[in-house]
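Residue 1325 is where the sequence shown starts when you use the working numbering, and the numbers rise one by one after that. Below is one structure, written out as structure tokens; comments come after it.
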Amino acid sequence: MITAVVGINWGDEGKGRMVDLLAEQYDIVARYQGGNNAGHTVVNERGKFILNLLPSGILRPECVNVMGPGMVIDIAHLDKELTSLRAQGVDVGAGNLKISDRATICMPYHPLLDGLEEDRMGAKKQGSTRRGIGPVYSDKYMRKSVRVGDLLFRDVLRDRLADIVEWKNLTVEKGYGHEPLSVDAMYDWLMRYGDPIMENICDTNLLLTDAADSGRSILLEAQLGALRDLDFGIFPYTSSSCTLAAYAPLGAGIPAKRLDNVVGIMKAYSSAVGGGPFVCEFSGRQADELREAGGEYGAATGRPRRVGGFDVVASRYGVRLQGATELAVTKLDVLSGMEEIPVCAAYELDGKRVDEFPLEPALERCKPIYESMPGFTGDITGCRKFADLPKQAQDYVRFMEDAVSCHIRYISVGPDREQYIDMG
């Protein structure tokens, strides 16, 4: 069984919470794209954990966790993340963490360039996390990047690095007017943070292929959501990688294998971090109250998330892009206490109703068409069966399911690992 867990919307849907839950049923969990601009929050009996690079199965000691070749890995950030987990009592070693030798290293000059370009753009900036994701993926496709496996070949690494730094200084120094990069400093950085992970580096294609062929179950974890996909998202306010389930086997390192199942994650309302059109967005007190109720602050950056009602148009589009076979709805408990639940049922574009997600220039002109559903009250965090939910909450879930034409299997009613309903 090979399953992908993916975001339906703008990211921040609660994928880490669901991967941690589902990982109990799988032998291997693999991240297949993105870098430390992700923020996956997991709550269990040992406390609250925020994971940026590591797969969200890392808190399941029986799981092997894989960082796939589709990832871009800031090894200094990885070192910090591993140190933090070990301080919290999590056993992380070469046995349960495997890093693809073909994954790309996010070098210190990538966040530098990210920030320099955002500053240059000023008011037109794209809302980058400034973690270097765009620049490092650009270098990957320019074939001018350092890969994790290069750490194993130090006799050629320094020469390769010198060529890259010479090229990169054409932009850093002569383009932005910043002080030039030092080859020695970059090499020393690679040695400092590369040495601790040497035993974790392996051919993850071989590892995962052998696992799949022997009948072991594999869970593939995405970062962000469908609307941040480079090709199909709200360009240019996207990530720089493919966030879709179709890329999952390739990015994880098993391109010859097919997915058996795609679990799409979406919130009971909408949230987004970063710039770009967000048609369903609330403002003022309405936004503040929902943001505080849901704790909507970026796990990776701490930035306040933009929030709005459940967006039927965007969610239907995301379900279609992801090819979701079933869905998980998170944070239903956050809506408890609302007299009415606002739902963005459609968009208005130049005076006409729009039911399909349009291209960005049109999306910028869209206005939300809001409708309301009856709200519900009471603490639902103890509900473990669908029938335990208030009738209005049941009706809301069924509405969401019908609106996107995909079965909702899981309903999260709280942040803790056991606070969910399995609809089967």
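Note that the Cβ used here is the ideal one computed from N, Cα and C, for glycine as well. The structure displayed is predicted, hence computed values, not measured ones.
Excluding sequence positions up to five before and after Gly1738, its CB lies within less than 6 Å of the CB of Asp1657, Thr1705, all in the same chain and listed in chain order.
Annotated as proximal: Ile1397 and Gly1359, with beta-carbon spacing under 9 Å. Contact between Ser1736 and Asp1703 does not hold, since their C-beta atoms are separated by about 14 Å, which reaches or exceeds 8 Å.
Rounded to whole angstroms, the separation of the alpha carbons of Met1747 and Val1631 is 27 Å. Residue state for Val1737 is assigned as coil, using DSSP reduced to three classes. Here DSSP, grouped into helix, strand and coil, assigns Pro1459 to helix. Using a C-beta cut-off of 8 Å, the stretch 1720–1730 makes no contact with the stretch 1686–1693, since fewer than three inter-stretch Cβ pairs fall below that distance. When Phe1556, Arg1355, Asn1493 are compared, the shortest CA-CA separation from Leu1683 is found for Phe1556. Around the C-beta of Phe1477, fewer than 16 other C-beta atoms lie within 10 Å, and the residue is accordingly described as exposed.
With a beta-carbon spacing of about 4 Å, Glu1523 and Ala1418 fall inside the 8 Å limit used to define contacts.
Shown here, Glu1672 sits in a strand according to DSSP, grouped into three states.
Here the C-alpha atom of Phe1602 lies approximately 31 Å from the C-alpha atom of Gly1392. Under the three-state reduction of DSSP output, Pro1504 falls in the coil class, being neither helix nor strand. The alpha-carbon separation between Val1470 and Asn1376 amounts to approximately 20 Å. Under the three-state reduction of DSSP, Ser1696 is assigned to strand. Among the bridge pairs identified by DSSP, Glu1664 is matched with Pro1698.
The DSSP assignment places 1572–1576, 1608–1618 as complete runs of the alpha helix (DSSP H) inside the stretch 1567–1636, in order along the chain (cut-off: 4 residues).
Residue pairing by DSSP puts Cys1526 in a beta bridge opposite Ser1424. Taking the CA atoms as reference points, Arg1516 sits about 19 Å from Leu1409. For the pair Ile1457 and Glu1386, the Cα-to-Cα distance works out to about 31 Å. Where Tyr1744 is concerned, the enclosing beta strand (DSSP E) starts and stops at 1744–1746. If you look at Thr1327, you'll find it isn't in any alpha helix (DSSP H); it sits in the beta strand (DSSP E) that goes 1326–1331.
Residue range 1478–1496 is occupied by the alpha helix (DSSP H) that includes Val1496. When secondary structure is reduced to three states using DSSP, Val1367 falls in the strand class. In the assembly as shown, Thr1701 is an exposed residue. Its beta-carbon has fewer than 16 other beta-carbons within 10 Å.
Between the beta-carbon of Thr1562 and that of Gly1331 there is about 12 Å, and that puts the pair past the 8 Å contact cut. Judged by their CB atoms, Ala1328 and Leu1544 are nearer to each other than the 9 Å cut-off.
Secondary structure note for Arg1444: its alpha helix (DSSP H) is the uninterrupted segment 1433–1445. In this structure, the CA atom of Glu1441 is about 29 Å from the CA atom of Cys1604.
With a cutoff of 9 Å on beta-carbon distance, Arg1355 and Leu1378 are scored as near each other. For Ala1669, the closest C-alpha among the options Glu1663, Ile1521, Val1678 is that of Val1678. Selection Val1472, Ser1639, Asp1443, Lys1449 evaluated against Leu1402 yields Val1472 as nearest (Cα-Cα). Distance between Met1395 and Ala1570, taken at the CA atoms: about 15 Å.
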